[in-house]
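K.L.:
In the working numbering, the protein residues as written are 250 to 583.
Note that the Cβ used here is the ideal one computed from N, Cα and C, for glycine as well.
Because the structure is a prediction, the values reported are computed rather than measured.
(1) Whole angstroms is fine: what's the gap from residue 517's alpha carbon to residue 433's?
(2) Go ahead and label residue 457 buried or exposed: buried means 16 or more other beta carbons lie within 10 angstroms of its beta carbon, across all protein chains shown.
(3) For residue 520, count neighbouring Cβ atoms within 10 angstroms of its own Cβ and tell me buried if that reaches 16, exposed if not.
(4) Going by beta-carbon coordinates alone, are residue 380 and residue 514 separated by less than 8 Å?
(5) If contact is defined by three or more beta carbon pairs under 8 Å, each pair taking one atom from either stretch, is the region 313-326 in contact with the region 495-508?
(6) Could you give the DSSP three-state label for residue 311: helix, strand or coil?
(7) Going by Cα to Cα distance, which pick from 545, 343, 353, 490 is closest to residue 304?
(8) What is the DSSP secondary structure of residue 385, reduced to helix, strand or coil?
(9) Measure the C-alpha to C-alpha separation of residue 352 and residue 546 and round it to an integer number of angstroms.
(10) Measure from the alpha carbon of residue 418 to the alpha carbon of each residue in 347, 455, 484, 537, then state which is nearest.
(11) According to DSSP, simplified to helix, strand and coil, what is residue 282?
(12) Once the 5 residues before and after residue 525 are set aside, which same chain residues still bring their CB inside 7 Å of it?
(13) In the region 385-445, which residue ranges form an unbroken alpha helix (DSSP H) of at least 4 residues, counting only runs that do not cross its ends?
(14) With a CB to CB cut of under 6 Å and the five nearest residues on each side skipped, what residues in its chain are close to residue 327?
(15) How about residue 198 and residue 416: are their beta carbons less than 8 Å apart?
(16) Count the other C-beta atoms from every protein chain shown that fall within 10 angstroms of the C-beta of residue 512, then say buried if there are 16 or more, exposed otherwise.
(17) By Cβ distance below 8 Å, which residues in the same chain neighbour residue 332 in space, the five residues on each side in sequence not counted?
(18) Can you tell me which of the three DSSP states residue 492 falls into?
(19) Put residue 365 into one of helix, strand or coil per three-state DSSP.
(20) Helix, strand or coil for residue 547 per DSSP?
(21) Does the distance from the CB of residue 487 to the CB of residue 522 come in under 8 Å?
(22) I need the straight-line Cα distance from residue 539 to residue 330, nearest angstrom please.
(23) I need the boundaries of the beta strand (DSSP E) containing residue 469, first residue and last residue.
(24) Which residue wins for smallest C-alpha separation from residue 403, given the options 421, 500, 295?
(25) Decide if residue 470 is buried, meaning its Cβ has at least 16 other Cβ atoms within 10 Å, or exposed.
(26) Kindly indicate which residue of 369, 338, 397, 399 has the alpha-carbon position closest to the one of residue 386.
(27) Determine, using beta carbons only, whether residue 275 and residue 293 come nearer to each other than 8 Å.
(28) Assuming residue 252 and residue 299 form a contact by the criterion Cβ under 8 Å, report the distance between their Cβ atoms to the nearest whole angstrom.
(29) Less than 7 Å between C-beta atoms, sequence neighbours within five positions excluded: which residues of the same chain meet that for residue 462?
(30) Which residue comes first and which comes last in the alpha helix (DSSP H) that contains residue 530?
(31) Report back the beta-carbon spacing between residue 395 and residue 510 to the nearest angstrom; my notes put them in contact at under 8 Å.
(32) List the residues that DSSP assigns as beta-bridge partners of residue 535.
(33) Let me confirm a value: residue 451 is counted as buried when at least 16 other C-beta atoms fall within 10 Å, else exposed. Which label applies?
(34) Quick check on residue 374: does DSSP put it in helix, strand or coil?
(35) From the DSSP output, in three-state form, read off residue 296 for me.
Structure follows, in structure tokens:
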């Protein structure tokens, strides 16, 4: 298994990879700048990392795309996992072995990563089984709602203590605190998302409802980059104590955040039946369900450093023993 290089591109003409070719070309083109910029400063990634599995240089078997989810590199996301037609023809066991090897290699190469995130459709039993086999555990189930927002949304009044504010550098901390309150504790810990990461992962328009009395964001709609379905996505967050905003306040928030989009997808927790019913009342149709899965990464640390410290300590203590003449002791190189 190797990282994708330019000379691999002509070999990736398999129909299973066809829709990824523009992204793969961009990844190859920006590999150098990505490494250089990442060595200079913490910043969002330009392109995903691409790992290629092959039987011979001329016969690719599968590929995996992954990307840092935060600037620190503590959390990574599995973006795409594809097998070639040859792998699919070889049978289920062979395909899953190749995909499992790709996941293990990607995790091994992600130095500094403490966690990995992956998503899979609830109907994709093979992918779910593969991720569980590799240590991923389900943390959240989400419904994706397809929505055609109104071209000219109505003016809807807000309660006097609420304001509609855009997400920017001045307001990002308030949105971050809202998401910390709304996310499940384990998922929040594994994502390890900071304020700057929130800004990196959001597009405009992203908006929030801000309570002027309490000086906090109580609901937010973040515009996300288009996913596998090619549509922009909205992630709706509501503070646990503010579910009563379901209605015109949240409808205004969604409609303003959807400005300029003919269609988009809205993500919602499957377990929140009240919100699901409300989204359906706005004319949204369920597009499908996804499982958000995650795993921690534990790495063994080489014991050489501890052994070296013990050797030095023994040498120092040896000189302090009574009745012995101090003898110079070689400490070894640091």
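P.N.:
To lay it out plainly:
(1) As a position in the chain shown, residue 517 is number 268, starting the count at 1. As a position in the chain shown, residue 433 is number 184, starting the count at 1. Those two C-alpha atoms are separated by around 13 Å.
(2) Working through the chain shown from its first residue, we reach residue 457 at position 208. So residue 457 counts as buried.
(3) By 1-based counting over the chain shown, the position of residue 520 is 271. So residue 520 ends up on the exposed side.
(4) Looking up residue 380 in the chain shown gives position 131. Looking up residue 514 in the chain shown gives position 265. For residue 380 and residue 514, no; Cβs fall outside 8 Å.
(5) No, the region 495-508 does not touch the region 313-326.
(6) The residue given as residue 311 occupies position 62 in the chain shown. Shown here, residue 311 sits in a strand according to DSSP, grouped into three states.
(7) Against the chain shown, residue 304 aligns to sequence position 55. By alpha-carbon distance to residue 304, the top candidate from 545, 343, 353, 490 is 343.
(8) Locating residue 385 in the chain shown gives position 136, where the first residue counts as 1. Coil at residue 385, not helix or strand.
(9) Residue numbering aside, residue 352 sits at position 103 when the chain shown is read from its first letter. Residue numbering aside, residue 546 sits at position 297 when the chain shown is read from its first letter. Answer to the nearest angstrom: the Cα atoms are 12 Å apart.
(10) Taking the chain shown and counting its residues from 1, the one referred to as residue 418 is at position 169. Residue 418 has its Cα closest to that of 455, out of 347, 455, 484, 537.
(11) Residue numbering aside, residue 282 sits at position 33 when the chain shown is read from its first letter. Residue 282 falls in the helix class under three-state DSSP.
(12) In the chain shown, residue 525 corresponds to position 276, counting from 1. Counting only Cβ-Cβ distances below 7 Å, and skipping sequence neighbours, we find 392, 517.
(13) Segments of the alpha helix (DSSP H) lying fully in the region 385-445: 421-431, 434-440.
(14) Your numbering for residue 327 matches position 78 in the chain shown. Only 315, 367 meet the Cβ criterion.
(15) As shown, the chain starts at 250 and ends at 583. That puts residue 198 outside it, with no answer to give.
(16) By 1-based counting over the chain shown, the position of residue 512 is 263. By the neighbour-count criterion, in which a residue is buried when 16 or more other Cβ atoms sit within 10 angstroms of its Cβ, residue 512 is exposed.
(17) The count along the chain shown starts at 1 and reaches residue 332 at position 83. Excluding positions up to five away in sequence, the list reads 265, 310, 311, 344, 347, 348.
(18) Along the chain shown, one-based indexing puts residue 492 at 243. Of the three classes helix, strand and coil, the one that applies to residue 492 here is helix, per DSSP.
(19) By one-based count along the chain shown, residue 365 stands at place 116. Three-state DSSP puts residue 365 in a strand.
(20) Within the chain shown, residue 547 is the residue found at index 298, counting from 1. In the structure shown, residue 547 sits in coil (DSSP, three-state: anything other than H, G, I, E or B).
(21) Residue numbering aside, residue 487 sits at position 238 when the chain shown is read from its first letter. Residue numbering aside, residue 522 sits at position 273 when the chain shown is read from its first letter. Cβ distance not < 8 Å, so residue 487 and residue 522 don't count as in contact.
(22) The residue you call residue 539 lines up with position 290 of the chain shown. The residue you call residue 330 lines up with position 81 of the chain shown. Spanning the two alpha carbons is a distance of roughly 16 Å.
(23) Numbered from 1 along the chain shown, position 220 holds the residue referred to as residue 469. It spans 465-473 - the beta strand (DSSP E) in which residue 469 sits, taken as one unbroken run.
(24) Residue numbering aside, residue 403 sits at position 154 when the chain shown is read from its first letter. Residue 500 is the option with its Cα nearest to residue 403.
(25) In the chain shown, the residue the question calls residue 470 occupies position 221. Classification for residue 470: buried.
(26) As a first step, residue 386 is located in the chain shown; it is residue number 137 there, counting from the start. Checking every option, the nearest Cα to that of residue 386 belongs to 369.
(27) For the purposes of this step, residue 275 is identified with residue 26 of the chain shown, where counting begins at 1. For the purposes of this step, residue 293 is identified with residue 44 of the chain shown, where counting begins at 1. Taking 8 Å as the Cβ cut-off, residue 275 and residue 293 do not qualify as a contacting pair.
(28) Within the chain shown, the letter at position 3 stands for residue 252. Within the chain shown, the letter at position 50 stands for residue 299. So it is a contact: roughly 7 Å between Cβ atoms.
(29) Taking the first residue of the chain shown as 1, we reach residue 462 at position 213. Taken in chain order, the residues that qualify are 410.
(30) Residue mapping note: residue 530 aligns to position 281 of the chain shown, counting from 1. Taken as a continuous stretch (DSSP letters only), the alpha helix (DSSP H) holding residue 530 covers 522-530.
(31) Within the chain shown, the letter at position 146 stands for residue 395. Within the chain shown, the letter at position 261 stands for residue 510. That pair is no contact at about 11 Å.
(32) Locating residue 535 in the chain shown gives position 286, where the first residue counts as 1. In the DSSP output, where bridge partners are listed per residue, residue 535 has 394.
(33) Residue mapping note: residue 451 aligns to position 202 of the chain shown, counting from 1. Classification for residue 451: buried.
(34) Working through the chain shown from its first residue, we reach residue 374 at position 125. Helix.
(35) Position 47 of the chain shown, counted from the start, is the residue given in the question as residue 296. If DSSP states are grouped into helix, strand and coil, residue 296 belongs with coil.
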